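Going down the list, the protein sequences come from chains A and B. Residues in the first sequence are numbered consecutively from 12, following our numbering. Residues in the second sequence are numbered consecutively from 94, following our numbering. Ideal Cβ positions, reconstructed from N, Cα and C, are used throughout, including at glycine. Here the structure is a predicted model, which means the values were calculated and not measured.
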Amino acid sequence: MSREDGEERISRGDGTALLIIPERFSEAVLKDEPTTLRLITNPAQRILPGIVEGILATLVDGTFYVQQVLGEPVREIMESTNDLADPPSSLVVSSVSVAFNETIQRMGEYVFPPAIELVVEMEEKEEETTSVDFGTIFFQSMLFMFLLFGAQGISDGLWREREERTLSRIVSTPGRLSGFLLGKVLAGVVVLGGILAAALALGTWLYDFPWATYPAVLFWLLLVAALLIALFSLIQLVAVSRRGASLILNVIVFPMMMLGGSFFPPEGMPDWLAVIGRYTPNGYGLHILKMLQAGAPDPRTVVVAFALFAAVTGLSLWLASVRLRSSFAKAAS
Amino acid sequence: MVRVDRLRKEYGDLVAVEEISFEAEPGKIFGLLGPNGAGKSTIIGCMSGLLQPTAGVVHILNHDVVREPLAAKRQLGVVPQELALYDDLSATENLNFWGGAYGLRGGSLKQRVGELLELIGLQDRAKEPVKKYSGGMKRRLNFACGIVHQPKVLLLDEPTVGVDPQSRVRLLDLVREQASTGTCVLYTTHYREEAEALCDRLAIVDHGKLIASGSLAELKAILGERDLLRLSGRFPDGEITVALHALEGLEVVQAEEELLTLAMRDASEMLPEVFSVLERAGATIRETTVTRPSLETLFIKLTGKELRE
Ligand SMILES: Nc1ncnc2c1ncn2[C@@H]1O[C@H](COP(=O)(O)OP(=O)(O)OP(=O)(O)O)[C@@H](O)[C@H]1O
Ligand SMILES: [Mg+2]
């Protein structure tokens, strides 16, 4: 969907909000150039744009709170629960805290001004119709868009470590690279999870989802986060250069986002496309999420979904750690 | 303590390290001296488990680095030539991370980090992110990260490159301190002065080969008490060498068309005689340098070129 189409829909009153992601957005973010995310909201839908704004603002604040509130405790909990005093396990802890710190820094670059400015524009049109349904759906999709971008950013950390040679240095320590990788993934899940927990709480409250669904939904989102980070990390490790990796991921992530209904909800797609989209990790994730949030999900489907995602995460991690050990880390001299 | 036995490393067709063997002892500083591209970092890489040797073995405290990597690495501290730090994190956080990677934690880690910050003089800026540090400060931190866990064996790869003279003196003192507590230190450098001032034993490497090794005194003895005379100009083939043989106690180290290197006792006194012989043989001399015996002259004698090229 083009920008013109989007603006037209907004002014027709069809859409709630239009989030304009500029071309070369991720590049600009990586290079630390100021860039603008434009959120065009629809005056026809008074409440919903406010909500979308609210969610985005929560994401922004969320990173701050995660850092403030969770940073030190998470580290301490990890250290106290991890009593094995041998280096391999302590590398997991150290990696988590470093990755955690770094991720926060990066997320900060992502969402704090002046790197990204959130411009909210109100289209000049006054009508009083609300479509709560669309808002709900949009909220669910947003969670996955956030997950896709977040996981992509976090997985890039591997190349960063290679280029900054900290990865080589890790090879010279007695720590295991698989522990290091696990630490990175865990840290990513914790960071994304913290933000998701806040966003989900807000969404559950605003859209009147049953609170009983909250734990299962959050757990599901954490699993999706783990899967995406593990999968994207594997792609990073297989690529021959950092640029190549970023290119491959963009080529994969954008269609995934569109097809999987993480940008515009699958309800707005032709049926056949929505069905295809369900075979993407995020599309499937969204499908299960909707099921969980609607309450009374089919237990068998849910168990299969959790098992499947856990298995794919495990497999990706294993392949990634083999790749990391056999060539990625060694070639970093 | 540290034993390198016929180490060889190839990168495709390039032989970066060829049949290198040496031993280093606890409480002593062993130097690897060689010009750019000699293979120093490659040797360090093979010793730290970063590179897979093509052939040969490295033992760290009787543990084979390839076969028992964990046991070997536990005793090992490495300070890589290129900075390897987390730029976004502070000095304290970096030290915490690397300490953690070696299994330190809790109170003992905290105490050690405090000690190190004081040792490298960074306590005032310990909370700032590393990217705000000067090059020399980063070097000192890079060094400290390699010794957080008080390793029994310490591999230092040109740790003073790009450091101002003051910081350098401080860093070298830190290295000596490490050795004085019983650590076996391996120190690579291309600065002859550093090697002479610091190392108890030395190996000179060039093009991946070990060309001489021993204590400073032993190495100087190879050269004898002779000075090295380097002449540039134009030296027609053949006749020159023959003519020079007439002079007693003089050795032709190297004879090229535009460069002549001679070794002799009291070169400054023999200079007029050498000049007259050369002129009679049809040579033109543009420039003359006399060097007293040192590692530099030894290097020139052994390889025919200067250390810093
Ligand atoms: N990854 C690599 N692939 C191919 N060749 C390499 C690689 N690393 C080093 N070399 C080559 O191996 C040789 C030795 O390099 P090395 O880095 O060990 O030298 P060095 O003595 O440390 O030099 P310097 O003083 O410049 O650090 C050089 O010819 C270099 O070009
Ligand atoms: Mg080197």
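(request) Pull up the CB-CB distance for B/V241 and B/L188, whole angstroms please, since I reckon it's below 8 Å. (result) With 8 Å as the limit, B/V241 and B/L188 qualify as a contact, their Cβ atoms being about 6 Å apart.
(request) Output yes or no for whether 9 Å exceeds the beta carbon distance between B/L265 and B/A237. (result) Not a contact, by the Cβ cut-off of 9 Å.
(request) Compare the beta carbon distance of A/G306 and A/G271 with 9 Å and say whether it is the shorter of the two. (result) No, the pair does not count as a contact, with Cβ atoms beyond the cut-off.
(request) Closer than 8 Å by beta-carbon distance: list the chain B residues that pair up with A/I165, in chain order. (result) Within chain B, no residue comes near A/I165; the closest Cβ sits about 14 Å away, beyond 8 Å.
(request) For A/L70, I'd like the list of residues in its chain whose CB is within less than 7 Å of its CB, leaving aside the five on either flank, ordered along the chain. (result) In this prediction, A/L70 has a pLDDT of 48, which is less than 50 and means its spatial position is unreliable; what the coordinates show is noted afterwards. For A/L70, same chain residues with a beta-carbon under 7 Å away, outside a window of 5 residues either side, are V122, F157, I206 and A210 in chain order.
(message) Quick check: is the beta carbon of B/A310 nearer than 9 Å to any beta carbon in chain A?
(response) Answer no: the Cβ-Cβ gap between B/A310 and chain A never drops below 9 Å.
(message) Whole angstroms are fine: how far does the CA of B/T274 sit from the CA of B/V97?
(response) Annotation: B/V97 to B/T274 spans about 23 Å, alpha carbon to alpha carbon.
(message) Could you check if A/S183 belongs to the surroundings of ligand 4, using beta carbon to heavy atom distance under 8 Å?
(response) With respect to ligand 4, the structure shown offers nothing to examine, as its ligands consist of ligand 1 and ligand 2.
(request) Within the same chain, show all residues whose beta-carbon is closer than 6 Å to that of B/I378, passing over the 5 residues directly before and after it, in chain order. (result) Taken in chain order, the residues that qualify are L324 and G326.
(message) Closer than 7 Å between beta carbons: that is the criterion. Which residues of the stretch 138 to 161 of chain B meet it against chain A?
(response) So the list reads G138, S141, G142, L143 and L144, given in the order they occur along the chain.
(message) Beta-carbon within less than 7 Å of B/L343's beta-carbon, same chain only, minus the 5 sequence neighbours each way: which residues are those?
(response) Correct list, in chain order: L337, L355 and M357.
(message) Any beta carbon from chain A within less than 9 Å of B/G397's own beta carbon?
(response) Output row for B/G397: interface = no.
(message) Could you compute how far the alpha carbon of A/I165 sits from the alpha carbon of A/A208?
(response) Rounded to whole angstroms, A/I165 to A/A208 spans 18 Å at the Cα level.
(request) Assign B/Y104 to one of three DSSP states: helix, strand, or coil. (result) B/Y104 falls in the strand class under three-state DSSP.
(message) Tell me which residue opens and which closes the beta strand (DSSP E) that B/C277 is part of.
(response) Segment C277 to T282, the beta strand (DSSP E) holding B/C277.
(request) Take the Cβ of A/A241 as the centre, count every other Cβ of all protein chains shown within 10 Å, and call the residue buried at 16 or more, exposed below. (result) A/A241 should be labelled buried.
(message) Contact criterion: CB-CB distance below 9 Å. Does A/R253 meet it with respect to chain B?
(response) Output row for A/R253: interface = no.
(request) Could you name the residues of chain B that A/S179 contacts, counting a contact when the two beta carbons are closer than 8 Å? (result) Within 8 Å Cβ-Cβ: L143, P173 and A177.
(message) In whole angstroms, give me the CA-to-CA distance for A/F150 and A/V315.
(response) Roughly 25 Å separates the two Cα atoms.
(request) Would you please verify whether the beta carbon of A/V315 is less than 9 Å from any beta carbon of chain E? (result) Absent from the structure: chain E. Protein chains present are A and B.
(message) Is any non-hydrogen atom of ligand 1 found closer than 8 Å to the C-beta of B/D250, if you look at the structure I gave you?
(response) Because some heavy atom of ligand 1 lies under 8 Å away, the Cβ of B/D250 counts as near it: yes.
(message) Residues around ligand 1, please: the condition is that the C-beta lies closer than 5 Å to some non-hydrogen atom of it.
(response) Counting only beta-carbon distances shorter than 5 Å to the non-hydrogen atoms of ligand 1, the qualifying residues in chain order are B/Y104, B/A109, B/N129, B/G130, B/A131, B/G132, B/K133, B/S134 and B/T135.
(message) Which of the three DSSP states is assigned to B/S227 in this structure?
(response) Three-state result, B/S227: coil.
(message) Our contact map puts A/S332 next to A/L192 with C-beta atoms below 8 Å; I'd like the distance itself, whole angstroms only.
(response) The Cβ separation is near 5 Å, so the contact holds.
(message) Let's see if you can read the secondary structure: which residues bound the beta strand (DSSP E) around A/K341?
(response) Annotation for A/K341: no beta strand (DSSP E) segment contains it, and DSSP assigns it neither H nor E.
(request) For the beta strand (DSSP E) containing A/F274, list its first residue and its last residue. (result) Segment: none, A/F274 is in no beta strand (DSSP E) and carries neither H nor E.
(message) Just to check my reading of the structure: B/T253 and B/A219 have Cβ atoms closer than 8 Å, yes? What is that Cβ distance to the nearest angstrom?
(response) About 22 Å separates the CB atoms of B/T253 and B/A219; that is not less than 8 Å, and the two are not in contact.
(request) Within its chain, find whatever has a CB closer than 6 Å to the CB of B/R232; leave out the 5 residues flanking it on each side and keep chain order. (result) These residues qualify, in order along the chain: V256.
(message) Considering only the alpha carbon of each residue, which of A/L335, A/G255, A/T215 and A/Y290 lies closest to A/P266?
(response) The shortest C-alpha separation from A/P266 is found at A/Y290.
(message) Under 9 Å, Cβ to Cβ, is there at least one residue of chain B near A/S244?
(response) Not one chain B Cβ lies under 9 Å of A/S244.
(request) Could you run through the stretch 190 to 212 of chain B and flag, in chain order, every residue whose CB is less than 9 Å away from some CB of chain A? (result) Of all residues in the stretch 190 to 212 of chain B, only F190, W191, G192, G193, A194, Y195, G196, L197, R198 and G199 come within less than 9 Å of chain A when Cβ atoms are compared, listed by chain position.
(request) Note the first and the last residue of the continuous alpha helix (DSSP H) segment covering B/G216. (result) First, the amino acid is wrong: residue 216 of chain B is Gln here, not Gly. Annotation: B/Q216 is outside any alpha helix (DSSP H) and is labelled neither H nor E by DSSP.
(message) For the stretch 326 to 342 of chain A, list every residue whose C-beta sits within 8 Å of some C-beta in chain B, in sequence order.
(response) Within the stretch 326 to 342 of chain A, the qualifying residues are K341.
(message) My assumption, with CB atoms under 8 Å, is that A/W367 sits in contact with A/Q247. Please give the rounded CB distance.
(response) Here chain A comprises residues numbered 12 to 344, so residue 367 of chain A is not present and cannot be evaluated.
(message) Under 9 Å, Cβ to Cβ, is there at least one residue of chain B near A/E175?
(response) Interface flag for A/E175 against chain B is set, since a Cβ pair is found closer than 9 Å.
(message) So if DSSP puts B/L169 in a beta bridge, which residue, or which two residues, is it bridged to?
(response) B/L169 is bridged to B/V246.
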